[in-house]
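In what follows, a structure is listed as structure tokens, so that the remarks can point back to it.
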Amino acid sequence: MLKRVRKTTRRRVAAIAVAGTMLAAAVAATTGPVQAAAPNIIVNGGFEDGLTSWFVNNGNATDGATLSPTTDAYGGSNAVLVTNRKTTGSGPMQDLSGKVQAGKTYAITVRVKYENPNSPATKQFFATMHYGGGTYTNVGTVTVARGQWGLIQGTFTIPAGQSVSTARLFIETPWTSDPASAPDTHLMDFKVDDVSVAEFVPSTTIEALGKNPGEGNPLISHKFGADGNAFVHDGRVYIYMTNDTQEYKPGPTGVSSTNTYASINTITVISSDDLMNWVDHGEIPVAGSSGVARYASNSWAPAMESKVVDGKEKFFLYFANNGGGSGVIVGDSPVGPWHDERGSLLITGSTPGASNGKNWLFDPGVFIDDDGQGYLVFGGGGDDGTRSAENTNHPKSTRVIKLGDDMISTKGSAEVIDAPLVFEAGHLFKRDGKYYYSYSSNFGFGGAIDPNGPPTGAIAYLMADSPMGPWTPETYKGIIFRNPGTYFGAGGNNHQSVFQLDGQYYFTYHAQTLNSRITGGATQGFRSPHLAKLDFNADGTIKEVKGDYKGVEQIHNLAPYRVIEAETIAWQQGIATKKIDGGSEEFGAQAPNLVVHDIDNGDWTSLAKVDFGDDGASAVTAKVRPLATGGKIQVRLDGRTSPVVATIPVDAPLGEWTKLTAQLDGVTGVHDVYFTYAGPDGADLFEVDSWSFEAASSQGVELAVSASSRCIGASTYVAVTAVNNGGVPATVELTTPFGSKTVADVAPGKQAYQSFNTRAAQIDAGTVTVKATATIDGKQVTSTYNADYAAASCR
């Protein structure tokens, strides 16, 4: 996370004969987002070529100084030393005419340092643009402690009408009318290094603290996600969301233009098995020229279900192609890989019963009943322009239709759902033999709103005895959730789903909470996922849900003695995630592999309620890729400013993935774990792929573990062997990205072995985890081991 410095605009009046003839150049002050990569227009900004392209500021006849190379550099081998200064403006200058343009925004960074023992303990420095004549504009400033390198950093905008034909940049100290009267204060020698000016390309990394430690909502704070649809599989809930981040384009002020949804063609996926630590699985490329469903242009409001078809479990992801139709793609797991089995939209205006010519055909919601029959609810809108009470309260714009056995076709005709004040976000679920249809109510179509129906912009619901209804106004039961503005001060549309995990029902909704925290209260339509418990009355009706930042309780502790993807996060600040080549070490080769990146000094991530057990952890390992020298990872317990319990120096070849380990001592019990990142300011420090902890135990189950990769025919296999070197039988669990196997009662001296078929012709190097459990001296003991296997190709 890079701190932003407030810029000031000033007029230098020294040596100006007539102040009234001076042009005032405005500079846009900003505390905006981090600058993304863009070419540096400064030549020789690190002074590695001596003084090439640099000269002393000569804007006034009285300016003058001596520039000389110095090896006392912040970065690289050289910097510039400024001596014999005659004015406060006497400093190194470079001509930028023909390189900068009026109306554009630029990011600037400069390192400065002074050491005169007779000078003040701190001194302010400016980076200043001279546009010719009397037009000077301070574009960055920093107050530096004597003897230390300071960083000028920020953005500035050249006014649209400003002439840049003689644009020049120079470094100076604050103007005073008589600097020679106190030269140690005003004319001290100073050094400059690492000067950069680049056109501002805003990064979408969210630098603000969007989720406070201890809060459960929003679920994630490093990106946005709307219209969350929950899907539970193997004890883990996956949430599929409209990727609002695709529309997030913050400008120099850090505020984005409004979310129009027009460019959104990917689906964001997160998952958790404890409802507090959320794994970022990245984005599914659904629509557009690079998407799975190239016939579609957008992918909004997803819905997910799985079903065994022709003996194989398939995962069906439905999506809205803006308001004109809905499609479906098919996956091999909850996180892919994905493919198109249909080749066209599933729901269109030609689908029997789907359209009345006024309604939208979006927001698909999928449900599979106990008998295996699938259903799809969809639709919305329905304003016919009459401004009538009937159209407002009963637009009859949503539908339900049966799905074919293949889940990518429909059967029969769609039936109308006459839900009061219906607008969008249809969702269908079943509980205790009753069917629930929930939806988002409209904001009024001009007619009088029936007070017996739901309020505007709320989540309401109906109850019936069949998925097909009939869904009539008489089946209306009330509201589940009022508009988010009721609770968070930021309203807008909403979208929901219901799921059950570990016997408890939960309710997903979205709100602009993260958007609001980024901007200090204003919102531009960027939505974030939230959770709440969903409880029922004795008659099956739903108790109203209240929105809050607390969210839901973590349902179990996080197990640390395994590979944990670094993009598993409870709370964080300043980081982003990105997809890299290869599969996930934790979730298998079919899952995309994400890493935490854009890590700057002061950024941090965390894991909630990590259970280290009574014996505790002896070591922590990070898989990292260094991008700059001097970075380190600090491990803290229960707070991001708590004492450091381990430090991992990220000291490895730049650009290469490496596993680095630090020892832990006395880390037992349950703790929130914070990873705080430190290193040089102004640099992307490193990327992190995964964490793992090693258990400490005075009595362990002794295993000799090895893993290898090999070819059998055209397929690669990973073989795992664990020899019990202890004195008692043990249960041994072998876990790989390609499956797992548990072998009970492995006798001393015997082994547990399994060769796992990766079902791929080529695999990357990876790690297996072996856990052994035995009873030693009347106490159950568990030990965990990791073993690496090499990359392999059978092509």
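Mapped onto mature numbering (1 follows the signal peptide of the UniProt record, and there is no 0), the consecutive letters of the sequence shown carry residue numbers -36 to -1, 1 to 759. Where is the CB? At the ideal position from N, CA and C, for every residue including glycine.
So residue i and residue j are in contact, right, with Cβ under 8 Å, and what is the actual spacing, rounded?
i, j, result
"V516", "G180", "6 Å"
"I544", "D648", "Actually they are not in contact, since the Cβ atoms of I544 and D648 sit about 15 Å apart, beyond 8 Å."
"G410", "R351", "3 Å"
"D578", "V634", "About 11 Å; that fails the 8 Å criterion."
"T230", "I248", "6 Å"
"T26", "K63", "Between K63 and T26 the Cβ distance is about 27 Å, and since that is not below 8 Å, they are no contact."
"I365", "L385", "No, I365 and L385 are not in contact; Cβ-Cβ is about 22 Å, not under 8 Å."
Check for me: the beta strand (DSSP E) holding residue i runs from which residue to which?
i, result
"Y100", "Y100 to A109"
"Y339", "G338 to G345"
"G449", "First-last for G449: G449 to F452, but that is the alpha helix (DSSP H), not the beta strand (DSSP E)."
"F120", "G114 to T121"
"H391", "V386 to R395"
"E79", "Premise fails: E79 is in no beta strand (DSSP E) and is neither H nor E."
"E658", "F650 to A659"
"E277", "K276 to A284"
"D59", "P56 to D59"
"M432", "Where M432 is concerned, there is no enclosing beta strand (DSSP E), given that its DSSP letter is neither H nor E."
"I332", "G329 to I332"
"K87", "T86 to H94"
"G411", "Note, G411: premise wrong, no beta strand (DSSP E); not H, not E."
"K63", "Looking at the DSSP string, K63 is not in any beta strand (DSSP E), and its letter there is neither H nor E."
"V292", "S290 to G295"
"Y403", "K398 to S405"
"A428", "I423 to A428"
Between the beta-carbon of residue i and the beta-carbon of residue j, is there less than 8 Å?
i, j, result
"K155", "Q112", "no"
"A251", "L309", "no"
"A91", "I122", "no"
"G730", "Y753", "yes"
"residue 764", "S405", "Outside the displayed range of the chain (-36 to 759) lies residue 764, so it cannot be described from this structure."
"K587", "D653", "yes"
"E12", "N42", "yes"
"Q488", "N479", "yes"
"A131", "S17", "no"
"T137", "T35", "no"
"V20", "G9", "no"
"F650", "R589", "yes"
"V609", "L624", "no"
"S670", "T680", "no"
"S257", "G291", "Correcting the residue type first, residue 257 is Ala in the shown sequence and not Ser. Against a cut-off of 8 Å, the Cβ pair of G291 and A257 comes out as a contact."
"V560", "E531", "yes"
"F463", "V196", "yes"
According to DSSP, is residue i helix, strand or coil?
i, result
"P150", "Pro is not the amino acid found at residue 150; the sequence shown has His there. Looking at H150 - three-state DSSP - the assignment turns out to be helix."
"T746", "strand"
"G511", "coil"
"T232", "strand"
"I443", "strand"
"Y638", "strand"
"R674", "strand"
"M(-15)", "Residue placement at M(-15) is poorly supported in this model, since its pLDDT is 26, which falls under 50; the coordinates are not used for a value here."
"Y266", "Strictly speaking, residue 266 in this sequence is Pro, with Tyr absent from that position. It is a strand residue."
"D752", "strand"
"M33", "The identity of residue 33 in the sequence shown is Pro, whereas the question assumes Met. It is a strand residue."
"A(-9)", "Low confidence applies to A(-9): its pLDDT is 32, below 50, so where it sits in the model is not reliable enough to give any reading."
"E379", "strand"
"R437", "At residue 437 the sequence reads Pro, which differs from the Arg that was named. Correct three-state label for P437: helix."
"A626", "strand"
"G39", "coil"
"H186", "coil"
"R(-25)", "Its pLDDT being 36, under 50, R(-25) is placed unreliably in this model, and the coordinates cannot settle the point."
"P(-4)", "Residue placement at P(-4) is flagged as unreliable, the pLDDT there being 46, under the threshold of 50; the coordinate-derived value follows with that caveat. P(-4): coil per DSSP, three-state reduction."
"F490", "coil"
"Q464", "strand"
Looking at the unbroken alpha helix (DSSP H) that takes in residue i, where does it start and where does it end?
i, result
"E247", "Where E247 is concerned, there is no enclosing alpha helix (DSSP H), although the beta strand (DSSP E) it sits in stretches over W242 to P249."
"A353", "A353 to N357"
"R481", "T477 to T483"
Is residue i near the ligand COA - that is, is its Cβ less than 7 Å away from at least one heavy atom of it?
i, result
"H459", "Looking at this structure, you won't find the ligand COA or any other ligand, since it has none at all."
Can you check the region 573 to 614 for any alpha helix (DSSP H) of at least 4 residues that lies completely inside it and give the ranges in chain order? none
4 or more residues per run - each alpha helix (DSSP H) lying fully within the region 192 to 223: none
Quick check for students: name the residue ranges of the beta strand (DSSP E) that lie wholly in the region 134 to 184, counting only runs of 3 or more. 154 to 163
Scan the region 494 to 558 and note each continuous beta strand (DSSP E) run of 3 residues or more that stays entirely inside, going in chain order. 540 to 548
Report the start-end ranges of each beta strand (DSSP E) in the region 676 to 732 that is 3 residues or longer and not cut off at the edges. 679 to 688, 694 to 700, 703 to 710 and 715 to 721
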